[in-house]
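Enquirer:
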Amino acid sequence: MALNLDSLGLSAKVTAEGISAPDYQTILSTLISYFQQIYGSDAYLEPDSKDGQMVALMALAIHDANNMAITVYNCFSPATGYGAALTSNVKINGISRKGATNSTVDLLLTGTAGTTIING
26 MALNLDSLGL
36 SAKVTAEGIS
46 APDYQTILST
56 LISYFQQIYG
66 SDAYLEPDSK
76 DGQMVALMAL
86 AIHDANNMAI
96 TVYNCFSPAT
106 GYGAALTSNV
116 KINGISRKGA
126 TNSTVDLLLT
136 GTAGTTIING
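Its first residue numbered 26, the sequence shown is counted upward by one per residue in the working numbering.
(1) Would a C-beta distance cut-off of 8 Å place G106 and N118 closer than the cut-off?
(2) Would you report the Cα separation of S128 and S36, rounded to the nearest angstrom?
(3) Compare the beta carbon distance of T55 and G34 with 8 Å and say whether it is the shorter of the two.
(4) Does the beta-carbon of I52 have 16 or more other beta-carbons within 10 angstroms, so that it is buried, or is it exposed?
(5) Give the straight-line distance between the Cα atoms of T126 and T112, rounded to the nearest whole angstrom.
(6) Could you check what DSSP says for T40 in three-state terms: helix, strand or coil?
Have a look at this one:
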């Protein structure tokens, strides 16, 4: 059976609701399924095999690319952008970026009296 390269279902998609992408495990299982369609269902693809590790690397690369696409998409909104992308976005939209400010929080900590906090 030939694979339809236009509808593998591995990439990020932009819809009216926003952007979404499959998680790593979904990408990995989909790649394993396609690999087995090509090479047979008896192909050994467990993590301790070379082929299994190669498929996992491909899944991770696709997952990383999807996450980057989501980050880029989100940087175009003043509500979700940050850093240089936010600065550029507010400039072209005729609004100004507020400077950084300190924040405060009321916090109640509980613990055992006399306990030494080593790292914090």
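The beta-carbon is built from N, C-alpha and C at its ideal position, and this holds for glycine as well.
Expert: Reading off the structure:
(1) no
(2) 38 Å
(3) yes
(4) buried
(5) 16 Å
(6) strand
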